[in-house]
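Trainee:
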Amino acid sequence: MASLMSPPLPFSLSLSLLCLLLCAPVPAAHARWGAAHTDLAPPLDPLSPVHELTSATFNDSLASAPAPWALVEFYAHWCGACKHYKPHYERVARLFNGPDAVHAGEVYLARVDCANNVNQDLCTRFAVQYYPTLLWASPPTLARGDRVTKAEELDELKNAHSAEKLLERISERVSKVYSLSDVITKDAMEAGSIPTREIVQMAASIHDTEEATATAFKIILDEKLLNSDSRGPLVRYLQLLVVHHPSKRCRKGVAELLVNMADLWSEGEPSIEILSDYHVCGKSSPANFWVSCRGDNRGYNCGLWLLFHSLSVRVSDSESKDSFLAIRGFVAHFFKCEECRAHFLEMSSSVMDSIKTRRDLVMWLWKAHNEVNKRLAKEELEFGKGNSQPPRTEWPTKHLCSDCISGTSVLEPVWNEDAVYKFLTNWYGPSLQRSAKAGPKGDNEISSSGNSTVKGAFIGILISSSGFGLLAWWWRKQQKKRKY
């Protein structure tokens, strides 16, 4: 008898079957009859974080959504499984929707009540067969799309029956790690302590700047880009990193490489094998893992931009021109993508004599980055590359910095540059540094090549107490001593 009995179904499968049995759309006439009695539908919850859309608001709301991704739940208010799922969906929505959300401006979560008579055509357009149905795409794709003729452009999220599972599905598609514990507590805000939002976002940024630095060094060695012409630009770039990199681990690793440069590479081409023994950001980097940056086939990704921005807000006015030239020299000699290199050099050539202060450098990099994103977004749209990756948008979004943008146009924002500069200097400066101190300590090991402890301590004191120019002067003096 026992052998004929079926084992109990897993919870997720039971929920799915319940949804199919109880929440499949009823015949059209019956559905319209039920929906016509709008007084039977529960009133909308004004405190819900989810954007409730209708046929009249769907296209416009999504077309202007201030996020690169959107998720829409198609449900019916009478559906038992939908009622059970509602708190799970709203729990995730609180992470993304609203100006005070911990991940505001990253994903736009909405829903449509298919039992409401006014939404019947909309639910038919997206071929909703059961409730709840979760559809994922970029906001413009959903605004102009359907599942009748353009089903391949939309991604249905399945196995997302709980808040935890839903967040896992979102994390997979954004290539970023989210957690339900990513919240900003009222007590933390009132106490003036570091909000969880800063720790989560900025700790991710610290990791990605380390990954970008280590990856760039690896690309330079793997692609054999070092020669007599590129030695000077590399040294100038390393001098910038050793003073202003936001990661202490990277500053230590780069300093060790820099002070031994004359022994490692005096002229001609250096020994790649020896240089490979140096771990500029610790032995665990690069880890080939990015928290908030997506990669591409050119070898570099937004992690390098993140590093450039974080360097720019740390330099003094007197260091701004040298820092600009160091970054430009790095791009000129170590970018293998010819089109990317040419575009960056063209943009930077027009401001060669204009970079005189830190603000000049910070704002130029911000404008250049947005210009690159606009150009790449246009290319991705023309060649159909945007469906599998988040669309590139100008930054910061209004959700991140409400004072930075005036007007409502997402495509052509009107910027308040004073507010943008204030935002950038905090975002890439103090916030980044506080999160590095508040976050867990990582591997601080760096490679050793026999330098004395005294020299290492002296370098550390020098780095912490002086600027880019003084370090460059000291380094050149050390090289002259080595020659004799």
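In case it helps, UniProt numbering puts the sequence shown at residues 1 to 484.
Note that beta-carbon positions come from the ideal geometry of N, C-alpha and C, so glycine has one too.
1) Just the Cα atoms here: how many angstroms apart are D97 and I219?
2) With DSSP collapsed to three states, give me the class of L134.
3) Less than 8 Å between the CB atoms is what I'm expecting for R249 and G282, so what's the real figure, rounded?
4) For C401, I'd like the list of residues in its chain whose CB is within less than 8 Å of its CB, leaving aside the five on either flank, ordered along the chain.
5) If Y108 sits next to A143, beta carbons under 8 Å apart, how far is it from one beta carbon to the other, in whole angstroms?
6) Identify the continuous alpha helix (DSSP H) that holds A326 and give its terminal residues.
7) With burial defined as no fewer than 16 other Cβ atoms inside 10 Å of the residue's Cβ, what is the status of A29: buried or exposed?
8) Which one or two residues does DSSP pair with V280 in a beta bridge?
9) State the Cα-Cα distance for the pair T213 and K398, rounded to the nearest angstrom.
10) Classify M261: buried if its beta carbon has 16 or more other beta carbons within 10 angstroms, exposed otherwise.
11) What residue range does the alpha helix (DSSP H) around V243 cover?
12) Using 8 Å as the Cβ pair cut-off and three pairs as the minimum, do the stretch 72 to 84 and the stretch 113 to 129 touch?
13) Please name the residue, chosen from K150, S406, L234, that lies closest to H333 on a Cα-to-Cα basis.
14) Tell me the DSSP bridge mates of V414?
15) What is the DSSP secondary structure of R375, counted as helix, strand or coil?
16) Assign K437 to buried or exposed, taking buried as 16 or more other Cβ atoms, counted over all protein chains shown, within 10 Å of its Cβ.
17) Give a yes or no on whether the C-beta atoms belonging to L180 and L167 are separated by under 8 Å.
18) Taking the alpha-carbon of D182 as reference, which of L71, Q120, V102 has the nearest alpha-carbon?
19) Please report the residue range of the beta strand (DSSP E) in which V112 lies.
20) Where do the N-terminal and C-terminal ends of the beta strand (DSSP E) with V315 fall, by residue?
21) Okay, do the stretch 339 to 348 and the stretch 237 to 256 touch, 3+ Cβ pairs below 8 Å being the bar?
22) Do S316 and R358 have their CB atoms nearer than 8 Å?
23) Please report the straight-line C-alpha distance between G232 and G329, rounded to a whole angstrom.
24) From the DSSP output, read off the bridge partner residues of E152.
25) Please classify N119: is it buried, with 16 or more other beta-carbons within 10 angstroms of its beta-carbon, or exposed?
26) Within the stretch 80 to 105, note down every full alpha helix (DSSP H) run reaching 4 residues or more, in order along the chain.
27) When you compare the CB positions of E269 and L226, do they come within less than 8 Å of one another, or not?
28) Taking E168 as part of the alpha helix (DSSP H), name the residues at either end of that continuous run.
29) Would you mind giving the Cβ-Cβ distance between F308 and L258, rounded to the nearest angstrom? I have them listed as a contact below 8 Å.
30) So the candidates are R173, C404, N159, S228; which of them puts its Cα closest to the Cα of S138?
31) Spell out the partners DSSP gives L71 in its beta bridges.
32) Return yes when the Cβ of S323 is within less than 8 Å of the Cβ of L304, no when it is not.
33) Identify the continuous beta strand (DSSP E) that holds H51 and give its terminal residues.
34) Under the rule that 16 or more other beta-carbon atoms within 10 Å means buried, what is V331, buried or exposed?
35) So, with DSSP's three-state summary, where would you put D222?
36) Going by the C-beta, is V420 closer than 7 Å to any heavy atom of the ligand NAD?
Mentor: Walking through what the data contain:
1) Contrary to the premise, residue 97 reads as Asn rather than Asp in this sequence. The alpha-carbon separation between N97 and I219 amounts to approximately 38 Å.
2) DSSP places L134 in strand when its eight states are reduced to three.
3) Confirmed, about 5 Å.
4) Excluding residues within five positions, the ones whose Cβ falls inside 8 Å are A419, V420, F423.
5) About 11 Å separates the two Cβ atoms, so there is no contact after all.
6) 320 to 334 is the span of the alpha helix (DSSP H), which, as asked, contains A326.
7) At A29 the pLDDT is 30, less than 50, meaning the model places this residue with poor confidence and gives no usable figure here.
8) V280 pairs with G282.
9) Cα to Cα, T213 sits roughly 30 Å from K398.
10) With 16 or more Cβ atoms within 10 Å of its Cβ, M261 is classed as buried.
11) Per DSSP, the continuous alpha helix (DSSP H) segment holding V243 begins and ends at 231 to 244.
12) Counting C-beta pairs with one atom in each stretch, the stretch 72 to 84 and the stretch 113 to 129 have three or more that are closer than 8 Å, which means they touch.
13) Per the Cα distances, L234.
14) Its beta-bridge partners are S406.
15) In the three-state reduction of the DSSP assignment, R375 falls in the helix class, which pools H, G and I.
16) Only weak support is given to the placement of K437: the predicted model assigns it a pLDDT of 47, under 50, and the value that follows is read from those uncertain coordinates. Classified as exposed, K437 has fewer than 16 neighbouring CB atoms from the shown chains inside 10 Å of its CB.
17) In this structure, L167 lies closer than 8 Å to L180 by Cβ.
18) Closest by alpha carbon: V102.
19) Counted as a single uninterrupted DSSP element, the beta strand (DSSP E) harbouring V112 occupies residues 107 to 113.
20) Looking at the DSSP string, V315 is not in any beta strand (DSSP E), and its letter there is neither H nor E.
21) Segments in contact, no.
22) Yes.
23) Rounded to whole angstroms, G232 to G329 spans 9 Å at the Cα level.
24) Answer is none; E152 lacks a bridge partner.
25) Buried.
26) Correct list: 80 to 96.
27) Yes, these two residues count as a Cβ contact at 8 Å.
28) Element bounds for E168: 163 to 174.
29) Contact flag wrong, Cβ pair sits at about 19 Å.
30) Relative to S138, the option among R173, C404, N159, S228 whose CA is nearest is R173.
31) Answer is L109, W136, bridged to L71.
32) Going by C-beta atoms, L304 is not nearer than 8 Å to S323.
33) Per DSSP, the continuous beta strand (DSSP E) segment holding H51 begins and ends at 51 to 53.
34) Under this definition V331 is a buried residue.
35) Of the three classes helix, strand and coil, the one that applies to D222 here is helix, per DSSP.
36) Although the ligand NAD was asked about, the structure shown includes no ligands whatsoever.
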